[in-house]
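Protein chains in written order, with full-length UniProt numbering: chain A, 1 to 222; chain B, 1 to 222.
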């Protein structure tokens, strides 16, 4: 692992704010348009990364890493790549869906000022991983649990998170120099926000409504 | 989707407790031995399932379902299957790791009294899923985000969650009659607990220590 002079986590000096789990879950949004342009401060960033690192993981492997990206050139390069992937998706849509998609903002890479690239290392923990013997995917799932800890603790800090998935894995791997066999699984835009929208963007813009909870819950059998 | 007379979610009648995000993240454990044997009440179960359903999802597809299993025969059948998978894993270990593994409890299926089988439906949302065009895994990752919402809200409710992964997917698919192309991604043991352990089981039993946060955080490049 190569580390530059700025490496290592921010060191939070105070305990985090006390927003409740349920309020954080209710207020959380996938933020694109509401970043203020200010940079997240190191105290808050440190607490958010600590929250991610405190996630559960299969066999206690903690197979995640967090690459904090704030270099303006790197952000601009990634934003340009994502814009190309967005065009490809738009081109794949039937006309009526394309019209619905057009006004939807899909990233806030430069406006947020900070990207956290979350990665998964399948080799962490060696050959005999307790709990991955039968379901190998529980490895990468562990890194996803860390993302949700980051997302919810960010809400408590008045920090927005937007998960960008319009990218090619190979491009992002090169961009932030991720060594094999480590794999990037998310780019999170992270920064102060003016507000959290009440209604999720994809509902507001008519892309897709939510499904009632009653349809998702089954008893005894599916 | 087939539904029996007990189908549908529990209807919570009160708002949930106010435990903070940070306290929930700090207190959360992968529970095996601390289930009291009482059943989770329907109010708390309903709020926990609602929290899961309020997770973010790629393209707002909400590709998860939650099968709540409380039938004693089903729980016993699954526990027996998991015991077999545990033996297979133990047999695969070198002698010194096997000795460390032996006292570690890996499930609380019958003691918890409730299993929540979380599933992923890759067909939910149709052909043009906003955000899954480039990274298809963001579909199944969405269902994992729901699991972390369940886990943290359960801590707020004094309810323990233990993720069991010692099972064959095909066995669990048959057991709770999950139709293709839906896939089970987790069995969560859910129930009231006597306490949350301060130290994670795998650390207490000497299986694997945690990694410092400083090693997981990188700046600009990995």
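Idealized CB from N, CA, C, for every residue including glycine. Predicted model only: the values in this text are computed from it and were never measured.
For the pair residue 64(A) and residue 118(A), the CB atoms are nearer than the 8 Å cut-off. Sequence-distant Cβ neighbours of residue 178(B) in its own chain, meaning closer than 7 Å and more than five residues away, are 119, 184. With a threshold of 8 Å between beta carbons, residue 39(A) makes no contact with chain B. Taking CB atoms only, residue 91(B) has no neighbour in chain A less than 8 Å away.
By the criterion of a C-beta distance shorter than 8 Å, residue 168(A) is surrounded in its chain by 81, 85, once the five residues flanking it on both sides are discounted. Look at residue 192(B) here: in three-state DSSP terms it is strand. Distance check between residue 104(A) and each of 58(A), 114(A), 89(A), 66(A) places 89(A) closest, using alpha-carbon atoms only. For residue 53(B), the three-state secondary structure derived from DSSP is helix. In the three-state DSSP reduction, residue 138(A) falls in the helix class (H, G or I). Using a CB distance cut-off of 8 Å, residue 74(A) counts as an interface residue toward chain B.
Closer than 8 Å to the CB of residue 19(B) there is at least one CB belonging to chain A. The beta-carbon of residue 77(B) is placed no less than 8 Å from the nearest beta-carbon of chain A. With respect to chain A, the C-beta atom of residue 120(B) has no partner C-beta closer than 8 Å. Taking the Cα positions, residue 36(A) is about 46 Å away from residue 39(B).
Closest in alpha carbon position to residue 110(A), among 199(A), 16(A), 192(A), 212(A), is 192(A). According to the DSSP assignment, residue 84(B) belongs to the alpha helix (DSSP H) that extends over 72 to 92. When DSSP states are grouped into helix, strand and coil, residue 59(B) belongs to the helix group. A distance of 8 Å or more separates the beta carbons of residue 130(A) and residue 210(A).
At the C-beta level, residue 197(B) and residue 42(B) stay beyond 8 Å of one another. Shown here, residue 214(B) sits in a helix according to DSSP, grouped into three states. At a cut-off of 8 Å between beta-carbon atoms, residue 197(A) makes no contact with chain B.
For residue 20(B), the pairing in a beta bridge is given by DSSP as 20(A). Contact between residue 159(A) and residue 190(A) holds, with the beta-carbon distance rounding to 6 Å and staying under 8 Å.
At a cut-off of 8 Å between beta carbons, residue 205(A) makes no contact with chain B. At a C-beta separation below 8 Å, residue 95(B) has no neighbours in chain A, since its nearest C-beta there lies roughly 12 Å away. Nearest Cα to residue 172(A) within the set 218(A), 161(A), 75(A), 100(A): 75(A).
Annotation note: the region 94 to 138 of chain A contains the following uninterrupted alpha helix (DSSP H) runs of length 4 or greater, listed N- to C-terminal: 95 to 101, 109 to 112.
Residue 66(B) and residue 144(A) do not touch by the CB rule: their CB atoms are close to 17 Å apart, not below 8 Å. For residue 174(B), the enclosing alpha helix (DSSP H) begins and ends at 169 to 175. Interface with chain A (8 Å Cβ-Cβ cutoff): residue 31(B) is excluded.
Proximity of chain B to residue 139(A) at the Cβ level (cut-off 7 Å) is not reached, the minimal Cβ distance being about 10 Å. A straight line joining the alpha-carbon of residue 134(A) with that of residue 166(B) spans about 6 Å. Residue 169(B) belongs to the set of residues whose beta carbon lies under 8 Å from a beta carbon in chain A. Any Cβ of chain A closer than 8 Å to the Cβ of residue 109(B) would place that residue at the interface, and such an atom is absent. When DSSP states are grouped into helix, strand and coil, residue 69(B) belongs to the strand group. Separation of residue 101(A) and residue 115(A) (C-alpha to C-alpha, rounded to the nearest whole angstrom) is 24 Å.
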